[in-house]
């Protein structure tokens with residue numbers, strides 16, 4: 014049966030490879046084992062198509078990418094050559110072939126850095142190289158490449174996001190037993206970058222790494238908080254490997270707390286996740302689960318999982334896990350009274366421990382030799398620079414007099430030019446200030462005129478339509494006294510109801526148009542009374558909070574704040590589909606800050622169309638020389654912040 018399965022697996026692999034080749038040939042880009050000369054975008058599409066088979070068939074992907082690389086190199090397509098080597102590196106890393114992965118990544122950096130488009134991918138490749146060295150337990154080189162990636166990313170114009178690089182750097186610092194406070198500072202930087210672009214993948218991994226940091230510091234409660242937070246976020250965004258890793262680490266915390274049954278429950282929950290999981294995490298789970306079973310006396314299960322961890326770590330050359338698996342198996346067989354097996358694994362543990370220790374020593378020696386070589390080279394450069402500097406000093410002494418004369422003349426010219434420019438700048442500033450003041454006065458006059466027009470309309474509504482509706486209402490009521498039964502008519506009842514609604518609406522409109530409410534009530538109460546009517550009608554939960562005193566504010570400022578909040582709440586009721594609105598007013602000694610936040614559908618601020626509502630708000634804020642900021646995104650609600658300074 015096993016032989017049949019092996020033959021079937023080989024058949025599927027060959028079929029998939031031939032299928033991909035056929036698709037490429039059918040597309041007209043792969044001809045008799047070589048690419049026809051096309052532009053780089055076409056070749057790059059072929060690389061992306063090959064990438065589809067990379068997770069399941071890395072060997073086939075490596076062969077196809079080698080063909081793409083050779084043809085791209087012949088045609089001098091540096092970007093395509095670099096991209097092919099990049100994906101080859103990913104395929105080699107998938108196979109845990111670290112040496113070939115490093116070679117492919119280094120060549121990818123060489124080709125991609127030669128093109129403006131490819132140069133922006135180089136920090137990510139340097140990050141990949143750091144990851145490879147981290148998996149090889151060469152943490153010093155890993156840190157070196159992560160710093161190189163950050164430096165290059167910061168030097169690019171425009172700069173690119175580096176959240177994943179800071180996150181990986183923090184992970185290596187954990188392996189180097191750095192203080193958790195230092196690790197958390199890098200994770201905080203990664204989190205800020207990730208939040209700017211809503212990168213929930215990095216945010217999820219960031220929480221896992223925070224849990225690691227607290228785990229190493231033996232702060233179990235904090236560790237569990239962040240592992241659980243990462244698990245919930247991974248479920249929400251369907252990041253299956255992150256779910257696996259979060260559950261694995263939650264179980265490890267419970268093992269440290271000697272709660273082995275709880276730990277086993279989380280280990281098994283992680284094992285049930287059907288996804289492509291990195292061998293490192295699979296083998297770590299098998300090892301830790303085996304130890305947990307051993308602690309609870311279930312030796313058969315312990316042996317089963319520790320054997321799986323042994324086979325997996327040997328296949329993927331993970332010496333760090335393999336070392337401790339031998340130690341755990343030795344302890345397990347001792348408990349099971351199988352002393353021959355215990356001795357065998359203890360011997361392998363000792364030999365491997367010596368090998369790992371020697372490897373670490375060699376890495377440190379190589380690092381010291383590299384640093385010494387650099388130091389000697391810097392010393393030689395410094396000596397040559399000193400000789401050159403001496404020559405420059407002699408030349409400088411001969412020309413110092415001429416330099417002083419030129420310097421004085423230049424200084425006088427610069428002073429005169431500077432004075433002239435300062436006068437021009439002062440004049441422009443004064444003119445701009447006058448124009449700005451005129452603009453503000455015009456806006457204030459416009460708003461004052463608008464308020465007067467509101468008052469006039471309110472009076473006409475109250476005195477004209479309000480009086481007529483009252484008279485009409487009185488006459489309809491008098492109809493009830495008539496002998497014929499008109500008051501029992503359904504039409505009469507509808508007319509009476511409509512008239513009552515009309516009267517109420519006219520009264521409410523007149524009430525909203527006039528600012529008399531600000532005279533009768535405080536600013537906070539006026540906002541609550543005015544906006545709550547709109548919110549209640551739309552079944553929106555409105556909360557008005559205030560901090561500080563607003564009694565000393567000028568009436569024009571109070572009125573502007575009142576109108577702005579009215580307009581914002583009205584926009585939310587009409588367009589936001591929100592269920593909650595928070596209005597917050599903060600009075601500070603030198604500023605008044607307004608925040609209106611809703612949980613509605615939000616919108617893309619970059620594609621915002623200017624409407625009357627927003628233009629009115631901008632005009633009112635500008636009239637008092639205030640600052641307006643709107644933060645929103647589709648599905649994330651909207652937050653509007655306005656600041657007026659005294």
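In the working numbering, the protein residues as written are 14 to 659.
Idealized CB from N, CA, C, for every residue including glycine.
Check                                                                                                                                                                                     : Outcome
Taking the C-alpha atoms as reference points, what is the distance between residue 35 and residue 257?                                                                                    : Unreliable placement is indicated for residue 35, whose pLDDT of 47 sits below 50; no coordinate value is reported for it.
So, using beta-carbon positions, are residue 286 and residue 253 closer together than 8 Å?                                                                                                : yes
From residue 134 to residue 641, what distance separates their C-alpha atoms?                                                                                                             : 37 Å
Compare the beta carbon distance of residue 298 and residue 289 with 8 Å and say whether it is the shorter of the two.                                                                    : no
Provide the residue(s) that pair with residue 641 in DSSP beta bridges, ordered along the chain.                                                                                          : 655
Quick one: what's got a C-beta closer than 7 Å to residue 259's C-beta in the same chain, skipping five residues either side?                                                             : 221, 240, 243, 244, 247
Counting only the same chain and skipping the five closest in sequence on each side, list residues whose C-beta sits under 6 Å from that of residue 199.                                  : 179, 182, 183
Specify the secondary structure class of residue 545 as computed by DSSP and reduced to three states.                                                                                     : helix
Take residue 579 and list the residues in its own chain whose beta-carbon comes closer than 7 Å to its own, dropping the five residues that flank it on each side.                        : 543, 544
For residue 76, which option in 90, 88, 98, 87 has the closest C-alpha, if you only look at C-alpha atoms?                                                                                : 98
Just the Cα atoms here: how many angstroms apart are residue 428 and residue 416?                                                                                                         : 18 Å
Among 271, 549, 353, which one has its Cα closest to the Cα of residue 586?                                                                                                               : 549
Might you give, ordered along the chain, the residues of its own chain that have their beta carbon closer than 7 Å to the beta carbon of residue 612, omitting 5 neighbours on each side? : 591, 592, 593, 650
Going by C-alpha to C-alpha distance, which of 636, 615, 554 sits closest to residue 653?                                                                                                 : 615
Have a look at residue 328 and residue 334 and give me their C-alpha separation to the nearest angstrom.                                                                                  : 12 Å
Compute the Euclidean distance between the alpha carbons of residue 600 and residue 547, then round it to the nearest angstrom.                                                           : 25 Å
CA-CA distance, residue 58 and residue 132?                                                                                                                                               : 19 Å
Would you please state the rounded distance, in angstroms, between the beta carbons of residue 316 and residue 345? I believe it to be under 8 Å.                                         : 6 Å
Tell me, please, which residues DSSP counts as bridged to residue 559.                                                                                                                    : 598
Tell me residue 610's beta-bridge partners as DSSP assigns them.                                                                                                                          : 595, 652
Tell me which residue opens and which closes the alpha helix (DSSP H) that residue 85 is part of.                                                                                         : 71-87
With 16 as the cutoff for other CB atoms within 10 Å, does residue 605 come out buried or exposed?                                                                                        : buried
For the segment 150-162 against the segment 111-125, are there 3 or more C-beta pairs whose distance is under 8 Å?                                                                        : no
Could you check which residue in 101, 65, 70, 69 has the C-alpha nearest to that of residue 80?                                                                                           : 101
Rounded to the nearest angstrom, how far is the Cβ of residue 323 from that of residue 342, given a contact under 8 Å?                                                                    : 7 Å
At the level of alpha carbons, what is the spacing between residue 63 and residue 74?                                                                                                     : 6 Å
Could you check the C-alpha separation between residue 375 and residue 146 for me, to the nearest Å?                                                                                      : For residue 375, the predicted model reports a pLDDT of 48, less than 50, meaning its position is unreliable; a value from the coordinates is still stated below. About 15 Å.
When we look at the beta-carbon of residue 228 and count the other beta-carbons within 10 Å, is it buried (16 or more) or exposed?                                                        : buried
Let me check understanding here. Comparing Cα to Cα, which of 584, 572, 597, 111 lies closest to residue 561?                                                                             : 597
With the cut-off set at 8 Å, would you say residue 639 and residue 628 are in Cβ contact?                                                                                                 : no
Looking at residue 56 and residue 660, is the spacing between their C-beta atoms short of 8 Å?                                                                                            : The question about residue 660 has no answer here: the residues shown for the chain are numbered 14 through 659.
So what does DSSP say about residue 605, is it helix, strand or coil?                                                                                                                     : strand
Short check: CB of residue 67 to CB of residue 108, under 8 Å?                                                                                                                            : no
Report back the beta-carbon spacing between residue 319 and residue 300 to the nearest angstrom; my notes put them in contact at under 8 Å.                                               : 7 Å
Give me the Cα-Cα distance between residue 312 and residue 143, rounded to the nearest whole angstrom.                                                                                    : 39 Å
Determine which residues share a DSSP beta bridge with residue 554 and list them.                                                                                                         : 593
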